[in-house]
Amino acid sequence: MSGLGKLRVAVIGAGAAGLCAARHILARQDLFTPPVVYELTKYVGGTWVYEDRVGHYDNGLPIHSSMYRDLRTNIPKEVMSFPDFPFAAHLPSFVHHTEVRKYLEQYCDHFRLWDHIRFGTMVDTVNPVKEESRWKGLAWDVTTSDGVDRSLSIKERFDAVMVCNGHFYDPYIPAIPGLEKFKGMLMHSHDYRSAEPFEGKSVVLLGAGLSGLDISMELSSVNAKVILSHGQQPLTCPLPPGVEQAPPVARVLDDGTLEFKDGNQAMPEVFLFCTGYNFTFPFLNKEVGVQVKDHLVFPLYKFLIPPAYPSLFIVGICRAICPFPHFHVQSQFIMSVLEGSFPLPSREEMEKDIELDIAARRARGIATRHILKLDSEQWAYNDHLAQLGGFEPLPRYWSNLYESNKVFRARDMLNYKTHNYAVLNETDWMVQNLQGQQ
Ligand code: FAD
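For the sequence shown, our numbering begins at 140 and goes up steadily by one.
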């Protein structure tokens, strides 16, 4: 980096990932000018900014957050937090979403991020520009507007861009033959806010991920009759009252009946998709070559960097992870790339690395659509980045508690959030976890 002066970095989005990116850029004022964080809403927190409405904001832009009213976190605050900024001590382990939003605002206070965020500013385009005098001979033109009137658009030049636009806002609905014939209410969990409108109703809920399980419990509490339709191994833990399991929906018949893969049928009042979200980077110039296919974003070195444009960083796209600590590790790694303490391999070497990594995952039977689902491999990934970047890895406490919580959740989805890890010591919950595995 020597001779280039301080680098100017743009951050797209002021959710947890964008705030974390800004915090790490700001910590290195010797290397970087203060970050410019673009945020299309008026708030920090992204997903954690609950919106009672569904559909669109007053300005016509689509509502970003998929948060529902009564959500409490599914990861204990002890390891959900950024490792350098704990949640308030008085809070229980599984906090209401309002506490997470407050926590992210406190993070902004603590690391003095507010002045660097441009609210109500949507990134419309991100274009690479060849410029010899810049880092890696590359600069980025970022154009922004209020998201409504593009004639008022502004262009600024940066040395690097960190994309932190989230990936829980564009609903994914799988193709089901005959779906248009369904006569009841069709909706996606992105638009689910609370259980009351479903009181006493019959619901087929497709998808048994964390949101699917959580929402099925909420629906059970208002006496909805829920068929939890999913393609995983049947759940063996006790289910909430009124909830039964079924295989995935195979098709919708002419009269609107849903037919499951085992041939059984149902005609519910509501068909609720808890089927996840699409990745979208609508602002990114196609020339950069970042593609999304079957839920895989590629080619990205270490799931972060397009080899041909190594001053662009797509943060936080991995799934089934402990998000905030993951963002913390990825941001530190990016800093080490930009400061040069981790010199990136050549473009060809990075492309080879990606190819080998994906091939190895496929050889282990991982389908393309699950490649970004790191799950327990996230800890090795985090450690790997820490080793390459030469910074402290996450303490073992993080993986131990996160993995134990997963075991408790699988064993008892109805009660795992009653654990309070602040009063249990590590040996207690590790032993409980191991007993459950025997
Ligand atoms: P987001 O929070 O989505 O933030 C992205 C930001 O980018 C938004 O503010 C958006 O307005 C902005 N943006 C997007 N496009 C543009 C643009 N073009 N220009 C300017 N700004 C833009 N994680 C946990 O750790 N624990 C949990 O218990 C948990 N529960 C969850 C429950 C639900 C229902 C969902 C949907 C997610 C949950 N998560 C949970 C995951 C959660 O999404 C992550 O923790 C984290 O908040 C993601 O942060 P992010 O910054 O990547 O994305």
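For every residue, glycine included, the Cβ atom is placed at its ideal position computed from N, Cα and C.
Owing to the predicted nature of the structure, the values given are computational and were not obtained by experimental measurement.
- Distance between M406 and S359, taken at the CA atoms: about 18 angstroms.
- Shortest gap from the CB of I151 to any heavy atom of the ligand FAD: under 7 angstroms.
- Judged by the Cβ position, I354 fails to qualify as a neighbour of the ligand FAD at the 7 angstroms threshold, every heavy atom of the ligand being at least this far.
- C376 is positioned such that its CB atom lies closer than 8 angstroms to that of A549.
- Taking the Cα positions, G305 is about 19 angstroms away from K425.
- In the structure shown, Q384 falls within a strand segment according to DSSP collapsed to helix, strand and coil.
- Nearest in C-alpha terms to I214, of all of Q571, N564 and S543, is S543.
- Taking C-alpha positions only, L243 is separated from V562 by approximately 24 angstroms.
- For the options A156, L435 and R211, the alpha carbon positioned closest to that of C247 is the one of A156.
- Placement of the Cβ of T180 at a distance of less than 7 angstroms from at least one heavy atom of the ligand FAD is found.
- In the structure shown, H235 adopts extended strand secondary structure according to DSSP, grouped into three states.
- Residue state for F399 is assigned as strand, using DSSP reduced to three classes.
- V365 and V382 do touch by the CB rule: their CB atoms are close to 4 angstroms apart, below 8 angstroms.
- Using a Cβ distance threshold of 8 angstroms, A166 and V150 do not count as a contacting pair.
- Close CB contacts of K400 within its chain, under the 7 angstroms cut and outside five residues either way in sequence, are with P386, P387 and A389 (chain order).
- Cβ contact annotation for P438 (same chain, cutoff 7 angstroms, sequence separation greater than five): P445, P446, E490 and I493, in chain order.
- Counting along the chain, the unbroken beta strand (DSSP E) around P267 starts and ends at M261 to K269.
- Distances from the CA of Q372 to each of P380, V361, D394 and G348 were compared; the closest alpha carbon is that of G348.
- Taking a contact to require three or more Cβ pairs closer than 8 angstroms, the stretch 181-198 and the stretch 231-241 qualify as touching.
- 8 angstroms or more divides the Cβ of S485 from the Cβ of F530.
- V281 sits in a strand when the DSSP states are folded into three classes.
- Within its own chain, the residues whose Cβ lies closer than 6 angstroms to the Cβ of F547, once the five positions on either side in sequence are excluded, are Y555, listed in chain order.
- Rounded to whole angstroms, the gap between the alpha carbons of I293 and T283 is 5 angstroms.
- Per the C-alpha coordinates, the member of I354, A502 and G479 positioned closest to E338 is I354.
- For R296, the uninterrupted beta strand (DSSP E) segment begins and ends at I293 to F297.
- In this structure, M301 lies away from I505, with their beta-carbon atoms at least 8 angstroms apart.
- Listed as beta-bridge partners of P310 by DSSP are Y416.
- Excluding residues up to 5 positions away in sequence, S328, L344, L345, G346, G348, S350, G351 and I354 lie with their Cβ nearer than 7 angstroms to the Cβ of C413 in the same chain.
- Where K216 is concerned, the enclosing alpha helix (DSSP H) starts and stops at K216 to M219.
- Within the same chain, Cβ atoms closer than 6 angstroms to the Cβ of S480 are found at G529, the five residues on either side in sequence being excluded.
- Rounded to whole angstroms, the separation of the alpha carbons of G402 and I453 is 42 angstroms.
- For Q430, the uninterrupted beta strand (DSSP E) run begins and ends at Q430 to K432, by DSSP.
- Taking 8 angstroms as the cut-off, the beta carbon of Y311 is found no closer than this to the beta carbon of S205.
- The stretch 194-208 and the stretch 176-186 touch, with no fewer than 3 CB-CB distances between them shorter than 8 angstroms.
- Assignment of beta-bridge partners to S368 by DSSP yields L345 and A385.
- Within the same chain, Cβ atoms closer than 6 angstroms to the Cβ of W537 are found at V218 and P464, the five residues on either side in sequence being excluded.
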